[in-house]
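K.L.:
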Amino acid sequence: MTPDNPQQPTALSRALSGGVLMAVGIGMLVIGWSYPVGQLTQMGPGYVPRAIAIFICVMAATILVIDLRSTDVARSDGLHWRGLIFVSAAMLIFATLVDVAGLVPSMFLAVAVSMFADRQAKPLTVLIYTVLATFAGWLLFLVILELPIPAFRRWS
Amino acid sequence: MIDQFLLGLSVVLQPDVLIYAFAGVFIGQLIGVLPGIGAITAISLLLPITFYLDATASMILLAGIYYGSQYGGSIASILLNLPGTPSSVVTCLDGYPLAQNGRAGLALFVAAFSSFIGGMIGVSILVLAAIPMTTIALRFGAPEYAMLVVLGLLAASLIGTGSQLRSFAMVLVGIALGVVGADATTGFYRFVAMPELADGISLVSLAMGLFGVSEIIRHATHHGRPTPRLNLKIRDILPTRAEARSLGGPILRGSAIGSFFGALPGTGAAIASFMSYATEKRFSRTPGKFGKGHLPGLSAPEAANNAASQTGFIPTLTLGIPGDAVMALIIGALILNGIIPGPRLMVDQPLLFWGVIASFFVGNIILLLINIPLIRLWVLLLRIPYQKLYPIIIVMICVGVYSHRTSVVDVVLTLAFGIVGYLMKSYRFEPAPVLLGFVLGPLLEDNFRRTMLIYRGDFLIFVERPISAGLLACTTALIVFSVYSAIRNRRPPAGLPAKNEH
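Top to bottom, those sequences are chains A and B. First residue of the first sequence: 1, per my numbering; consecutive thereafter. First residue of the second sequence: 1001, per my numbering; consecutive thereafter.
1) Please confirm whether B:Ser1468 and B:Glu1215 have their CB atoms less than 9 Å apart.
2) Using a Cβ-Cβ cutoff of less than 7 Å, which residues in the same chain neighbour B:Ile1117 once the five nearest sequence positions on both sides are dropped?
3) Roughly how many angstroms lie between the CA atoms of B:Glu1243 and B:Ala1307, to the nearest whole one?
4) Count the other CB atoms, across all protein chains shown, that sit within 10 Å of the CB of B:Glu1464; report buried if there are 16 or more and exposed otherwise.
5) Starting from the C-beta of A:Ala11, find all residues in its chain whose C-beta is less than 8 Å away, skip the five residues before and the five after it, and write them out in chain order.
6) At a Cβ cut of 8 Å, what residues of the stretch 52 to 65 of chain A count as close to chain B, listed as they run along the chain?
7) Just mark B:Ile1027 as buried or exposed, buried being the case when its beta carbon has 16 or more other beta carbons within 10 Å.
8) Measuring only the C-alpha atoms, how far is A:Asp4 from B:Ile1065?
9) With DSSP run on the structure shown, which of helix, strand or coil describes A:Gln120?
10) If you run the structure through DSSP and keep just helix, strand and coil, what is A:Met43?
11) For the stretch 1188 to 1203 of chain B, which residues have a CB atom closer than 7 Å to at least one CB atom of chain A, in sequence order?
12) Tell me whether the stretch 1305 to 1324 of chain B and the stretch 1109 to 1125 of chain B touch, counting them as touching only if at least three CB pairs, one residue from each stretch, are closer than 8 Å.
13) What does a CB cutoff of less than 7 Å around B:Pro1442 pick up in its chain, not counting 5 residues either side in sequence?
14) Determine whether the Cβ of A:Ala11 lies closer than 9 Å to any Cβ atom of chain B.
15) Would you identify the three-state DSSP class for B:Gly1338, choosing helix, strand or coil?
16) Could you tell me the distance, in whole angstroms, from the CA atom of B:Ser1202 to the CA atom of B:Gly1181?
17) Use the C-beta contact count for B:Arg1139: other C-beta atoms within 10 angstroms, 16 or more gives buried, fewer gives exposed.
18) Rounded to whole angstroms, what is the Cα-Cα separation between B:Gly1338 and B:Ala1269?
19) Under the rule that 16 or more other beta-carbon atoms within 10 Å means buried, what is B:Lys1292, buried or exposed?
20) If you draw a straight line from the C-alpha of A:Tyr47 to the C-alpha of B:Arg1449, how long is it?
21) Name, in chain order, the residues that DSSP records as bridge partners for B:Tyr1189.
22) Over the uninterrupted alpha helix (DSSP H) stretch that includes B:Glu1243, give me the two end residues.
23) Cβ of A:Ala15 less than 9 Å from any chain B Cβ?
24) Verify the CB distance criterion: does B:His1219 have a CB-CB separation below 9 Å to chain E?
25) Determine the contact status of B:Ala1207 and B:Ile1040, defining contact as a CB-CB distance below 9 Å.
26) Based on the DSSP secondary-structure assignment, which residues constitute the bridge partners of A:Gly38?
27) Does chain A have any CB closer than 9 Å to the CB of B:Ile1019?
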């Protein structure tokens, strides 16, 4: 899971946190540019967002300078790609299916898919576990808590 | 004060209320034991459920989860060297060496006992402070609220762990996220990219993403959590007479430090425990013993984080200003129940106000009683591998977020915040200041705008009003202190090693 372990992080990777933050600040400034600002005594809805955006840009610039000057920054240990992919997939599947197919199928698939974030997942264990977890979920959410979500929806 | 407290007790001791106090502290202890699920995740999960409860019961339940998790957090720290909650990170330092030396039972007992005393001192201070604080709070106008929020946000970024600049940047990002949606004064839509965002970003989505999903992404692939070994005999649990005597001072100092940082908006249990450990070590005659299983190093931070988790309710209940991220969620729950927290709460809802406070008193006793006898259950829980837990947590997050506003967009947003939170942490940005900024940002904007409108843009008003001037003085002192210590840490005097906090 550690793709490359850079002894000396490159200038680019050290500039990343400040750079992304700067992008957030500038983006906020650009989108909020058309909002009515008003004056200090009569602030419009655009006043505070613009002030915050400027503050963010200042902080981003400061962080950028500090990170670029120091040497022991961003000891990034690589991304957890497997977790990232399967957790995202599970949640997106849930979001897609819950309005279409109902709670039980979406819970079933979300549990099953998310289990593969674990490197040592075995299909049979996953199946048994998923069936049990879905049953427990149905019991908790629909029987005990009586959440107003249909268990199954008819495909239409 | 005594009368009101007894009134509160009469509310809590009704069986149908008591059950929520018990459920709260039990769930709290349980999720505190399990590393990877904190009070924030548990409370966000239960937030939708509190729709179906009355306000008093849901407050008692959620608050119980919060301070209960402080008790439970120490168990995983002591037995596995894995902090169950952020505030029990320090507990590992001296708790785990004790367990390795075969004194796990003693460590657990001392942790539980210190937690209990700390919690009780915290509750007492809360009871004593409630009426005077409410009296002061009733005199709060827009300038005072604005100043207090500024103090809280700065305290959250300047005190504590991690880079102060980065924490402050995260506070700003939190405020920025809080701006999304219809402007409270004019109804103008700001940063509404999708119609679903017209009501703003959901607090539940943000909290679950930043704290729940991001941790799952990080830990799902990992393997090999150590399994706890434990053989407890009553004889091993109790401290010797000399050890018991050495605990008094640390517990009292820890409770005092904890009570202060708990009551200060922006700082909470985690910071309190760090601070009290650092203090104990600095003023100890035997600083070399710390980190090797020294009992004061265990009892002081445990007392501190539990005291802080109780006094944290002072600003929450009297001013409606949440002291930390968990308090923000609890305030969110109150608002969802149609109750506006603030100085009017004690006057308008005395049963709720005093009932909740009395429930802390009862809850701490329940926690002390269930802590040691149920230790086998907690150890059993620690044997469950994370790989069997996280799929269930994912589903609970999905269903919790979805049922909150019946919105699929919220589920996708939660995932987005989860990924952002995961990346943030990889680049040493803390997620907690984001949540605090998100909750306090709208309060700051609203009160600042109102101040400027009422007093015609006159900044001197912050100095002219006494309470606001006091808060401003605290804020200035805080800034001066942190700039001073930053400079001192950067240039250590020759011959001395650089002083590291905690």
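No residue lacks a Cβ here, since even glycine has one placed at the ideal position from N, Cα and C. Because the structure is a prediction, the values reported are computed rather than measured.
P.N.:
This is what the structure holds:
1) Here residue 1468 of chain B is taken as the residue at index 468 of the second sequence, counted from 1. Here residue 1215 of chain B is taken as the residue at index 215 of the second sequence, counted from 1. Cβ atoms of B:Ser1468 and B:Glu1215: not closer than 9 Å.
2) Mapped onto the second sequence, residue 1117 of chain B falls at position 117. Only Ile1251, Ser1255, Ala1303 meet the Cβ criterion.
3) Numbered from its first residue, the second sequence carries residue 1243 of chain B at position 243. Numbered from its first residue, the second sequence carries residue 1307 of chain B at position 307. If I take the Cα positions, the gap works out to 22 Å.
4) As a working mapping, residue 1464 of chain B is identified with position 464 in the second sequence. Exposed, by the Cβ-count rule.
5) Residue mapping note: residue 11 of chain A aligns to position 11 of the first sequence, counting from 1. Excluding positions up to five away in sequence, the list reads Leu68.
6) Ile52, Ala53, Phe55, Ile56, Met59, Ala60, Thr62, Ile63
7) For this step, residue 1027 of chain B is matched to residue 27 along the second sequence. Counting Cβ neighbours within 10 Å, B:Ile1027 comes out buried, since at least 16 surround it.
8) Indexing the first sequence from 1 puts residue 4 of chain A at position 4. Indexing the second sequence from 1 puts residue 1065 of chain B at position 65. Note that A:Asp4 scores 45 on pLDDT, short of 50, meaning its location in the model is unreliable; the coordinates nonetheless yield the value given after this. Rounded to the nearest angstrom, the two C-alpha atoms are 41 Å apart.
9) The count along the first sequence starts at 1 and reaches residue 120 of chain A at position 120. DSSP places A:Gln120 in coil when its eight states are reduced to three.
10) Residue mapping note: residue 43 of chain A aligns to position 43 of the first sequence, counting from 1. In this structure, A:Met43 counts as strand in the three-state DSSP scheme.
11) Phe1188, Arg1190, Phe1191
12) yes
13) Translated into positions along the second sequence, residue 1442 of chain B becomes position 442. Cβ neighbours of B:Pro1442 beyond the five flanking positions: Gly1178, Ala1184.
14) Walking along the first sequence from the start, residue 11 of chain A turns up at place 11. With 9 Å as the cut-off, A:Ala11 does not count as an interface residue toward chain B.
15) To locate residue 1338 of chain B, count along the second sequence from 1; it is residue 338. The answer is coil: DSSP assigns B:Gly1338 none of H, G, I, E or B.
16) Here residue 1202 of chain B refers to the residue found at position 202 when the second sequence is read from its first residue. Here residue 1181 of chain B refers to the residue found at position 181 when the second sequence is read from its first residue. Roughly 10 Å separates the two Cα atoms.
17) For the purposes of this step, residue 1139 of chain B is identified with residue 139 of the second sequence, where counting begins at 1. Exposed.
18) Counted from its first residue, the second sequence places residue 1338 of chain B at position 338. Counted from its first residue, the second sequence places residue 1269 of chain B at position 269. If I take the Cα positions, the gap works out to 28 Å.
19) By one-based count along the second sequence, residue 1292 of chain B stands at place 292. Exposed.
20) The count along the first sequence starts at 1 and reaches residue 47 of chain A at position 47. The count along the second sequence starts at 1 and reaches residue 1449 of chain B at position 449. The alpha-carbon atoms of A:Tyr47 and B:Arg1449 are separated by roughly 9 Å.
21) Position 189 of the second sequence, counted from the first residue, corresponds to residue 1189 of chain B. The partner list for B:Tyr1189 (beta bridge, DSSP) reads B:Ala1182.
22) The residue given as residue 1243 of chain B occupies position 243 in the second sequence. Taken as a continuous stretch (DSSP letters only), the alpha helix (DSSP H) holding B:Glu1243 covers 1241 to 1263.
23) Residue 15 of chain A sits at position 15 when you count from the first residue of the first sequence. Closer than 9 Å: no.
24) Absent from the structure: chain E. Protein chains present are A and B.
25) The residue you call residue 1207 of chain B lines up with position 207 of the second sequence. The residue you call residue 1040 of chain B lines up with position 40 of the second sequence. Closer than 9 Å, so yes.
26) As a first step, residue 38 of chain A is located in the first sequence; it is residue number 38 there, counting from the start. A:Gly38 pairs with A:Met43.
27) For this step, residue 1019 of chain B is matched to residue 19 along the second sequence. B:Ile1019 does not count as touching chain A.
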